[in-house]
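Following full-length UniProt numbering, the numbering of the sequence shown begins with 25 at its first residue and continues without gaps. For glycine and all other residues, C-beta sits at the position ideal for the given N, C-alpha and C. Keep in mind that this is a model prediction, so the values were computed, not measured. Read through the structure below, which is laid out as structure tokens, and then see the notes.
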Amino acid sequence: AIRNTPDAAESNYLRSEIPERHLAYPSTSSPAKSVPFQQPTPLLTFSYDTSRTLSFTDSALRYYVDPPLGAELRYGYERWIKRPGEKGRIDSLLKAVSRAKQTMGGGGGDGGSEWLKGIGVVSWRGVMTKILIAPYENRDAWELNVMLVDGTLYFEEHVSDAKLLEMEDMRPHHRLSTYYGYSFESWSTSSRPDRMEELSGHPPGWGGDVDTSVQWCSVVKTKLGDMRMVIGGEVDCVRDKFSGQTASFVELKTSLAIRGPQDEAKFEKKLLKFYFQSFLLGVPEIVVGFRTPSGRLTTIQSFKTIQIPRLVRGKPDAWDPTICLHWGNHFLNILKSTLQESSSNAEIDEPRVWRVKFRPRIGIDISLLDREGVNEVQAGEERVGFLPRWYWDESQA
Ligand code: A3P
Ligand code: MG
Ligand code: MG
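Pasting the structure below:
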């Protein structure tokens with residue numbers, strides 16, 4: 025089951041025995057005890073502007089407003105400013121970590137690096153969601169790159185060039201339904217609290233043309249079992265005001281209107297992803313806009329994130345979040361010890377890059393990338409493993 029096994033004779037990158045692992049398909053049977061997950065606390069927020077420039081401001085923050093029912097989600101499709109496809113780089117999150125580290129240091133000293141040493145995982149929220157819901161994922165495979173540096177695991181999604189092209193080259197139908205999701209965000213948010221936008225030349229309630237480069241992100245600190253984590257991700261909007269806490273965060277989602285038991289079961293399955301995506305950043309509320317197949321908004325419904333597991337309990341397609349947390353904890357610990365074993369009995373001047381492959385119904389493989397694999401990951405950029413050089417230098421200082 026192990027792939028990408030490097031050839032030890034050829035590669036001086038690999039100097040000792042590498043413990044590669046195969047983890048059997050994550051089980052969906054109930055664990056004996058539940059693994060605690062700490063309520064996420066915010067470290068900082070940042071914004072991307074239309075040119076994808078990052079600033080540590082709340083310039084991209086949006087406020088929730090009730091969208092007008094009957095709104096056409098197709099509105100503005102021709103004017104969609106689409107963010108160019110990108111590999112799942114961790115660079116922006118590392119900028120945030122670096123900044124948080126300075127604050128943690130309490131002015132001088134290396135309190136910041138001490139703080140970082142206690143963090144087991146640094147990852148985007150999307151990656152952590154994929155890991156946690158793996159026990160219930162029976163369709164899509166995924167791959168990650170992982171590094172262990174000073175006791176911290178860094179994750180990035182591995183997006184091959186072929187996959188990137190495929191994402192760029194969406195079928196018109198898929199492209200349009202993806203747009204509906206962003207359009208719903210525009211209809212449901214305003215640049216001012218509690219007031220619908222009145223933009224001239226647009227229907228009332230339209231929050232402005234969609235530009236998917238612009239995003240507001242939150243970076244939080246949390247803990248799964250004994251593993252402290254720093255997680256970053258996009259927050260769609262806030263209710264009323266943002267006072268530095270996660271309490272007013274709102275996640276927006278669209279879904280096809282439910283017309284029968286089959287639709288309902290499908291929606292309940294989707295709730296698993298909605299739940300963990302929000303839960304990981306401490307987002308307490310999810311507003312779902314239900315739409316017709318042709319993109320007319322029919323109803324909206326607000327869900328309290330923590331109550332979602334109760335809604336699906338006992339249903340035919342039920343899922344149980346404790347299974348996901350148990351699996352996530354198990355996986356992260358095995359991954360960490362696998363990487364630790366390897367680095368402790370090997371002399372390397374450059375940290376290794378590992379590949380984690382998840383295949384539905386089969387399981388997870390952990391293997392070391394060879395030089396060629398690392399070159400592909402770096403794509404000619406100035407990196408140490410997949411970490412940007414500046415971050416590496418900073419961590420070694
Ligand atoms: P919906 O959430 O209404 O499906 P997010 O919900 O994470 O804030 O993402 C906003 C929108 O981005 C989604 O709207 C969807 O249209 C699009 N999107 C997010 N992840 C996607 C994915 N993996 N594939 C295609 N579209 C995606
Ligand atoms: Mg979003
Ligand atoms: Mg959303």
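- For M253, does the three-state DSSP call read helix, strand or coil? Locating residue 253 in the sequence shown gives position 229, counting from the first residue. DSSP places M253 in strand when its eight states are reduced to three.
- So L280 and C261 are in contact, right, with Cβ under 8 Å, and what is the actual spacing, rounded? Here residue 280 refers to the residue found at position 256 of the sequence shown. Here residue 261 refers to the residue found at position 237 of the sequence shown. Between C261 and L280 the Cβ distance is about 22 Å, and since that is not below 8 Å, they are no contact.
- Message: ligand 2 and D82: does any heavy atom of the ligand fall closer than 6 Å to the residue's C-beta?
- Response: Within the sequence shown, residue 82 is the residue found at index 58, counting from 1. Not under cutoff, so the answer is no.
- Query: Three-state secondary structure (DSSP) at S79?
  - Reply: In the sequence shown, residue 79 corresponds to position 55, counting from 1. Three-state DSSP puts S79 in a strand.
- Query: Looking at D260 and ligand 3, is the gap between the Cβ and the nearest heavy atom below 6 Å?
  - Reply: In the sequence shown, counting from the first residue as 1, residue 260 sits at position 236. Indeed, a heavy atom of ligand 3 lies less than 6 Å from the Cβ.
- Taking the alpha helix (DSSP H) that P66 falls in, what are its first and last residues? Along the sequence shown, one-based indexing puts residue 66 at 42. Counted as a single uninterrupted DSSP element, the stretch harbouring P66 is not any alpha helix (DSSP H) but the beta strand (DSSP E) occupying residues T65 to Y72.
- Item | Cβ distance (whole Å) where L359 is taken to contact R149 below 8 Å | By one-based count along the sequence shown, residue 359 stands at place 335. By one-based count along the sequence shown, residue 149 stands at place 125. A Cβ-Cβ distance of about 18 Å is found for the pair L359 and R149, leaving them out of contact under the 8 Å criterion.
- Task: Drop a sphere of 10 angstroms on the beta-carbon of M191, count the other beta-carbons inside from all chains shown, and report buried for 16 or more, exposed for fewer.
- Result: On the sequence shown, residue 191 is found 167 positions in, with the first residue counted as 1. Flag for M191 reads exposed.
- Does the separation of the CB atoms of F243 and A120 fall below 7 Å? Counting from 1 along the sequence shown, the entry for residue 243 is found at position 219. Counting from 1 along the sequence shown, the entry for residue 120 is found at position 96. Residue identity check: residue 243 is Val in the sequence provided, not Phe. Cβ distance < 7 Å, so V243 and A120 count as in contact.
- Task: Assign T346 to one of three DSSP states: helix, strand, or coil.
- Result: Position 322 of the sequence shown, counted from the first residue, corresponds to residue 346. In this structure, T346 counts as helix in the three-state DSSP scheme.
- Message: Is the separation between the beta-carbon of V274 and that of V312 shorter than 7 Å?
- Response: Within the sequence shown, residue 274 is the residue found at index 250, counting from 1. Within the sequence shown, residue 312 is the residue found at index 288, counting from 1. Their beta carbons are not under 7 Å apart, which means V274 does not touch V312 by this criterion.
- Going along the chain, which residues of its own chain have a beta-carbon closer than 7 Å to the beta-carbon of K106, five neighbours each way excluded? Here residue 106 corresponds to residue number 82 of the sequence shown, with the count starting at 1. So the list reads T236, once near-sequence residues are dropped.
- Task: Could you please give the first and the last residue of the uninterrupted alpha helix (DSSP H) stretch that includes T246?
- Result: Stepping through the sequence shown from its first residue, residue 246 is reached at position 222. It is not in any alpha helix (DSSP H) - T246 instead sits in the beta strand (DSSP E) that spans Q239 to L248.
- Item | Proximity to F179 [Cα-Cα], best of L117, G205 and W211 | Residue 179 sits at position 155 when you count from the first residue of the sequence shown. F179 has its Cα closest to that of L117, out of L117, G205 and W211.
- Reference S267, options P227, T52, P66 and H46, closest by Cα: Here residue 267 refers to the residue found at position 243 of the sequence shown. Nearest C-alpha to S267: P66.
- Message: Please give the ranges of any beta strand (DSSP E) in the stretch 304 to 340, keeping only runs that are unbroken, at least 3 residues long and fully inside the region.
- Response: Segments of the beta strand (DSSP E) lying fully in the stretch 304 to 340: 309 to 315 and 321 to 328.
- Note down the Cα distance separating L97 from Y203, rounded to an integer number of angstroms. Counting from 1 along the sequence shown, the entry for residue 97 is found at position 73. Counting from 1 along the sequence shown, the entry for residue 203 is found at position 179. Rounded to the nearest whole angstrom, the C-alpha separation of L97 and Y203 is 8 Å.
- Task: Determine the extent of the beta strand (DSSP E) in which G387 is found, giving its start and end residues.
- Result: Taking the sequence shown and counting its residues from 1, one reaches residue 387 at position 363. G387 -> beta strand (DSSP E) spans G387 to L392.
- Could you spell out where the beta strand (DSSP E) holding H46 opens and where it closes? Position 22 of the sequence shown holds residue 46. Note, H46: beta strand (DSSP E), R45 to A48.
- Task: Could you tell me whether the Cβ atoms of E258 and Q239 are closer together than 7 Å?
- Result: Sequence index remark: in the sequence shown, residue 258 carries index 234 (1-based). Sequence index remark: in the sequence shown, residue 239 carries index 215 (1-based). In this structure, E258 lies near Q239, with their beta-carbon atoms less than 7 Å apart.
- Query: Taking Cβ positions, are V151 and E110 nearer each other than 7 Å?
  - Reply: As a working note, residue 151 is residue 127 in the sequence shown. As a working note, residue 110 is residue 86 in the sequence shown. Remark: C-beta atoms of V151 and E110 do not approach each other more closely than 7 Å.
- Whole-angstrom distance between S326 and D264, CA atom to CA atom: Residue mapping note: residue 264 aligns to position 240 of the sequence shown, counting from 1. Residue mapping note: residue 326 aligns to position 302 of the sequence shown, counting from 1. Rounded to whole angstroms, D264 to S326 spans 15 Å at the Cα level.
- Those residues which DSSP pairs with T278 across a bridge: Within the sequence shown, numbered from 1, the residue matching residue 278 stands at position 254. Paired residues: G313.
- Query: Under 6 Å from any heavy atom of ligand 3, does the C-beta of E275 make it?
  - Reply: By 1-based counting over the sequence shown, the position of residue 275 is 251. At least one heavy atom of ligand 3 is nearer than 6 Å to the Cβ of E275, so yes.
- Query: When you compare only the Cα positions, how much space is there between I255 and S302?
  - Reply: In the sequence shown, residue 255 corresponds to position 231, counting from 1. In the sequence shown, residue 302 corresponds to position 278, counting from 1. The alpha-carbon separation between I255 and S302 amounts to approximately 12 Å.
- Query: Can you tell which of P317, S272 and L248 has its C-alpha closest to the C-alpha of I282?
  - Reply: To locate residue 282, count along the sequence shown from 1; it is residue 258. Comparing Cα-Cα distances from I282 to each of P317, S272 and L248, the minimum goes to P317.
- Item | Proximity of L248 and G175 at Cβ, strictly below 7 Å | To locate residue 248, count along the sequence shown from 1; it is residue 224. To locate residue 175, count along the sequence shown from 1; it is residue 151. Contact: no.
- Item | Residue closest to S207, alpha-carbon to alpha-carbon, out of R385, L295 and R103 | What you label residue 207 is simply residue 183 of the sequence shown in a count that begins at 1. For the residues R385, L295 and R103, the minimum Cα distance to S207 belongs to R103.
- When the Cα atoms are used, what is the spatial distance from K187 to D193? In the sequence shown, residue 187 corresponds to position 163, counting from 1. In the sequence shown, residue 193 corresponds to position 169, counting from 1. If I take the Cα positions, the gap works out to 10 Å.
- Query: Beta carbon of T346: closer than 6 Å to some heavy atom of ligand 1?
  - Reply: Here residue 346 is taken as the residue at index 322 of the sequence shown, counted from 1. Relative to ligand 1, the beta carbon of T346 is positioned no closer than 6 Å to any heavy atom.
- Query: Measuring CA to CA, which of S147, I155 and G112 is closest to D185?
  - Reply: Residue mapping note: residue 185 aligns to position 161 of the sequence shown, counting from 1. Ranked by Cα distance from D185, the options S147, I155 and G112 are led by G112.
- Local conformation of V377 per DSSP, three classes: Locating residue 377 in the sequence shown gives position 353, counting from the first residue. Residue state, collapsed to three classes: coil.
- Item | Residue of D73, P384, Q402 and E418 minimising C-alpha distance to W166 | Residue numbering aside, residue 166 sits at position 142 when the sequence shown is read from its first letter. Checked all of D73, P384, Q402 and E418; the closest Cα to W166 is P384.
- Item | Buried or exposed by the 16-neighbour rule on C-beta atoms within 10 Å, applied to K154 | The sequence position of residue 154 within the sequence shown is 130, counting from 1. K154 comes out buried.
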